[in-house]
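Chemist:
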Amino acid sequence: MSSRPRLRFAPSPTGYLHVGGARTVLFNWLYARRHGGEMLLRIEDTDTERNRPELTDNILEMIEWLGLGWDGEVVHQSDNLDSHRAAADKLLGAGRAYWCDCTPEQIQQRARERGGPPGYDGHCRDRGLGPGPGTALRFRTPDEGTTEFDDLVRGRVSFENRVLEDFVLVRANGTPTFLLANLVDDAEMGITHVVRGEEHVNGTPKYLLIGEALGLDHHPTFAHLPILVNEQRKKLSKRRDSVSVATFRDEGYLPEAMVNYMALLGWGPPDGVEIRPLEEIVALFDLADVTQSPAFFDVRKLQHFNAEYIRALDTEAFLDRVRPFLAHGVATEEVLRPIAPLVQERVRLLTEVEPMVDFLRDEAIAYDDASWQKHVAKHGDRAAAMLDAAVAALAAAPWDRDAIEAALHSAASEAGFVNPEGKVQMAKAQGPVRVAVTGRGVGPPLYESLVVLGRERTLARLKDARARL
RNA sequence: GCCCCCAUCGUCCAGUGGCCUAGGACGCCGCCCUUUCAAGGCGGUAACACGGGUUCGAAUCCCGUUGGGGGUGCCA
Numbered sequence: 098m099s100s101r102p103r104l105r106f107a108p109s110p111t112g113y114l115h116v117g118g119a120r121t122v123l124f125n126w127l128y129a130r131r132h133g134g135e136m137l138l139r140i141e142d143t144d145t146e147r148n149r150p151e152l153t154d155n156i157l158e159m160i161e162w163l164g165l166g167w168d169g170e171v172v173h174q175s176d177n178l179d180s181h182r183a184a185a186d187k188l189l190g191a192g193r194a195y196w197c198d199c200t201p202e203q204i205q206q207r208a209r210e211r212g213g214p215p216g217y218d219g220h221c222r223d224r225g226l227g228p229g230p231g232t233a234l235r236f237r238t239p240d241e242g243t244t245e246f247d248d249l250v251r252g253r254v255s256f257e258n259r260v261l262e263d264f265v266l267v268r269a270n271g272t273p274t275f276l277l278a279n280l281v282d283d284a285e286m287g288i289t290h291v292v293r294g295e296e297h298v299n300g301t302p303k304y305l306l307i308g309e310a311l312g313l314d315h316h317p318t319f320a321h322l323p324i325l326v327n328e329q330r331k332k333l334s335k336r337r338d339s340v341s342v343a344t345f346r347d348e349g350y351l352p353e354a355m356v357n358y359m360a361l362l363g364w365g366p367p368d369g370v371e372i373r374p375l376e377e378i379v380a381l382f383d384l385a386d387v388t389q390s391p392a393f394f395d396v397r398k399l400q401h402f403n404a405e406y407i408r409a410l411d412t413e414a415f416l417d418r419v420r421p422f423l424a425h426g427v428a429t430e431e432v433l434r435p436i437a438p439l440v441q442e443r444v445r446l447l448t449e450v451e452p453m454v455d456f457l458r459d460e461a462i463a464y465d466d467a468s469w470q471k472h473v474a475k476h477g478d479r480a481a482a483m484l485d486a487a488v489a490a491l492a493a494a495p496w497d498r499d500a501i502e503a504a505l506h507s508a509a510s511e512a513g514f515v516n517p518e519g520k521v522q523m524a525k526a527q528g529p530v531r532v533a534v535t536g537r538g539v540g541p542p543l544y545e546s547l548v549v550l551g552r553e554r555t556l557a558r559l560k561d562a563r564a565r566l
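Residue numbers are given in the numbering used here: position 123 of the first sequence equals residue 220, and the series is strictly consecutive.
(1) Nearest by alpha-carbon distance to Leu165: which of Phe124, Thr232, Gly426 and Ala414 is it?
(2) Looking at the secondary structure, which residues open and close the beta strand (DSSP E) in which Glu545 lies?
(3) Can you tell me whether Val171 is buried or exposed, with buried defined as 16 or more other CB within 10 angstroms of its CB?
(4) Contact defined as beta carbons within less than 8 Å: I believe Thr289 pairs with Arg131. What is the distance between those atoms, to the nearest angstrom?
(5) Would you be able to state if there are at least three C-beta pairs under 8 Å between the segment 265 to 272 and the segment 226 to 246?
(6) How is Tyr350 classed by DSSP in three states: helix, strand or coil?
(7) Could I get the ranges of all uninterrupted alpha helix (DSSP H) runs contained in the segment 240 to 315, with 4 residues as the minimum, in chain order?
(8) Can you name, in chain order, every residue of its own chain whose Cβ lies under 7 Å from the Cβ of Glu545, other than the five neighbours on each side?
(9) Do three or more CB pairs link the segment 403 to 416 to the segment 338 to 355 at distances below 8 Å?
(10) How is Glu518 classed by DSSP in three states: helix, strand or coil?
(11) Just to confirm, are Glu295 and Pro323 a CB contact at a threshold of 7 Å?
(12) With 16 other CB atoms within 10 Å as the buried threshold, where does Ala524 fall?
(13) Are the Cβ atoms of Asp282 and Gln206 separated by less than 7 Å?
(14) Enumerate in chain order the residues of its own chain whose CB-to-CB distance from Lys69 is below 8 Å, with the five nearest sequence positions on each side excluded.
(15) For Thr448, which residues of its own chain have a beta-carbon under 7 Å away from its beta-carbon, when the five flanking residues on both sides are left out?
(16) For Ser510, write down the residues that DSSP places opposite it in a beta bridge.
(17) Taking 7 Å as the limit between beta carbons, can you name the residues of its chain near Glu257, skipping five residues before and five after?
(18) Measuring alpha carbon to alpha carbon, tell me which residue in Asp465, Thr412 and His316 is nearest Phe246.
(19) Just the C-alpha distance for Leu559 and Trp469, rounded to the nearest angstrom, thanks.
(20) Can you give me the C-alpha to C-alpha distance between Val291 and Tyr128, rounded to a whole angstrom?
(21) Cα separation between Ile204 and Gly212?
(22) Using the three-state DSSP reduction, which class does Leu137 fall into: helix, strand or coil?
(23) Straight-line CA distance for Met98 to Val254?
(24) Measuring CB atoms only, is the segment 183 to 198 touching the segment 142 to 153, in the sense that at least three cross pairs come out at less than 8 Å?
(25) Over what stretch of residues does the beta strand (DSSP E) that includes Tyr406 continue unbroken?
(26) For Ala480, is the classification buried or exposed, using 16 other Cβ atoms within 10 angstroms of its Cβ as the cut-off for buried?
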């Protein structure tokens, strides 16, 4: 195969792009890039009943957000209905397909009465029906022989033709099914590698059989990726699991972190280095190295990756990325900027930034009850003493980080936050101050925060807290 | 039911007959550092599903069992 590989991602607009689909796009994209080929995008919209055209926008937007993209124009399967019909006619003319007017209910009922396996029984095979209302076109699967194919991920897979039921090629409403349109379009588009989820393995012999019956010289290489599962080890479902890519974006995940993480679902670099630039992954990636067993999408590991990527950003880039997640725009950015590196190191998600710095921006703060109890109330008189000492020391100190540290240090000593060896216990002493000023027990480094907050507001908040005791 | 596939730490990957007293990463636990929280450093916990073969030698090859998943739509 000397020609450049041509791959495609072929989603149907029946749901938002979810992580399973995103992983499939990624592997298609990686393989195309790795081998100097291209990855096309085809929207499989032949099921007019279920399509939701607006979802196509989401799919396109998410693929772009991930930084992947596609080659050429987006293809809409519905634009190629003439070819699908022509293929159906050809199959009918060659005796490889026939009309069937059985309803799903009838098919089920016969299967029940028969007591045999569910599925279509070939009832209309030789009834010589013509097209008409409620009549669908079925493919006549061979009664004997086997259909096999080589899969880059799974090796050789073989099916006995007799277990393949006569499936529908054209619905009663005249639209082609996925089985027909998918094959016809792949052939016309010159697709060389079909990389898709494992759920399509069973449909592959049908794909092959149609192509063969059509006399097409279309023999793509297949690669069925292991599916992504939830904690119950079930296939990720848009309904059960919250896995929309847009949701991850809105929760503050960085696209490069997601792409990096998803590349590790079913694949791993030979040197074991997991967090690395996309270009390196492209250089190392190969479908032949993809795992054969299902992978669990572990959000906790994703979060770790996201935190790593956030930390790796330079300050300006970090600010650019968080901006959409900040309330009150510029006002927030102003208080964040001075301590951005400190915040950057403490968040896993971009959405965690706002609640970490809002106390620097807002006039009024709310005390977190648990924090107040643990860091202030519990220490009783010492907390009150610390607050008083802090007010006094801070009122006189120059307003810079080191002076603030020194001031709070002496205040702690004065308030009795000293261990038996005479060492000041700043870990405990900063508690009342932190809660008084931020409302919470945890947050960015205190001294640096106070610099940003300013003397006036700091003193006012310390006094407010003191008054509550 | 039938068909297809899968099977190494809780999770994701490494391992392709001897380098494995099974390695890395996430998580978890402990210690250090430390103004909280993070980050960082150090250490630890934890797996070859089971049974037969093949072989001088199996996590690695074969068979079976068990378990899990996918498919079985006029969805894709």
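The C-beta atom is built at its ideal place from N, Cα and C for all residues, glycine as well.
Modeler: So, from the data block:
(1) If you number the first sequence from 1, residue 165 lands on position 68. Closest option to Leu165, Cα to Cα, is Phe124.
(2) Counting from one through the first sequence, the residue named residue 545 turns up at place 448. For Glu545, there is no enclosing beta strand (DSSP E); the enclosing alpha helix (DSSP H) has its first and last residue at Leu543 to Leu550.
(3) Along the first sequence, one-based indexing puts residue 171 at 74. The residue is exposed, with fewer than 16 neighbouring Cβ atoms inside 10 Å.
(4) Numbered from its first residue, the first sequence carries residue 289 at position 192. Numbered from its first residue, the first sequence carries residue 131 at position 34. Between Thr289 and Arg131, the beta carbon gap of about 14 Å keeps them out of contact (Cβ cut-off 8 Å).
(5) Touching, yes, given that three or more Cβ pairs across the two stretches are closer than 8 Å.
(6) For the purposes of this step, residue 350 is taken as residue 253 along the first sequence, with counting starting at 1. Reduced to three states, the DSSP call for Tyr350 is coil.
(7) Taking only runs of at least 4 residues, the alpha helix (DSSP H) segments lying wholly in the segment 240 to 315 are 275 to 285 and 301 to 310.
(8) Taking the first residue of the first sequence as position 1, residue 545 is located at position 448. Only Ile436, Leu439 and Arg498 meet the Cβ criterion.
(9) Yes, the segment 403 to 416 is in contact with the segment 338 to 355.
(10) In the first sequence, residue 518 corresponds to position 421, counting from 1. If DSSP states are grouped into helix, strand and coil, Glu518 belongs with coil.
(11) Reading the first sequence from its first residue, position 198 is the one you call residue 295. Reading the first sequence from its first residue, position 226 is the one you call residue 323. Pro323 sits close to Glu295, with the two beta carbons spaced by under 7 Å.
(12) As a first step, residue 524 must be located in the first sequence, where it is residue number 427. Answer is exposed; the Cβ neighbour count stays below 16.
(13) Locating residue 282 in the first sequence gives position 185, counting from the first residue. Locating residue 206 in the first sequence gives position 109, counting from the first residue. No, Cβ-Cβ distance for Asp282 and Gln206 is not below 7 Å.
(14) Beyond the ends of the chain as shown, which are 98 and 566, falls residue 69; an answer cannot be given.
(15) Counting from 1 along the first sequence, the entry for residue 448 is found at position 351. Closer than 7 Å at Cβ, skipping near neighbours: Glu348, Gly349 and Phe422.
(16) On the first sequence, residue 510 is found 413 positions in, with the first residue counted as 1. Secondary-structure assignment with DSSP links Ser510 through no beta bridge to anything.
(17) One-based indexing of the first sequence puts residue 257 at position 160. Closer than 7 Å at the Cβ level, and outside the excluded window around Glu257, lie Thr243.
(18) Taking the first residue of the first sequence as 1, we reach residue 246 at position 149. The candidate whose alpha carbon is nearest that of Phe246 is His316.
(19) Within the first sequence, residue 559 is the residue found at index 462, counting from 1. Within the first sequence, residue 469 is the residue found at index 372, counting from 1. Leu559 and Trp469: Cα-Cα distance of roughly 13 Å.
(20) In the first sequence, residue 291 corresponds to position 194, counting from 1. In the first sequence, residue 128 corresponds to position 31, counting from 1. Near 11 Å, if we compare the C-alpha coordinates of Tyr128 and Val291.
(21) The count along the first sequence starts at 1 and reaches residue 204 at position 107. The count along the first sequence starts at 1 and reaches residue 212 at position 115. Straight-line Cα distance between these residues: approximately 12 Å.
(22) Here residue 137 is taken as the residue at index 40 of the first sequence, counted from 1. Looking at Leu137 - three-state DSSP - the assignment turns out to be strand.
(23) Stepping through the first sequence from its first residue, residue 98 is reached at position 1. Stepping through the first sequence from its first residue, residue 254 is reached at position 157. For Met98, the predicted model reports a pLDDT of 48, less than 50, meaning its position is unreliable; a value from the coordinates is still stated below. Cα-Cα distance, rounded: 21 Å.
(24) Output reads no: the segment 142 to 153 does not touch the segment 183 to 198.
(25) Against the first sequence, residue 406 aligns to sequence position 309. Not the beta strand (DSSP E): Tyr406 falls in the alpha helix (DSSP H), residues Val396 to Ala409.
(26) The sequence position of residue 480 within the first sequence is 383, counting from 1. The residue in question, Ala480, is buried, as its Cβ has 16 or more Cβ neighbours within 10 Å.
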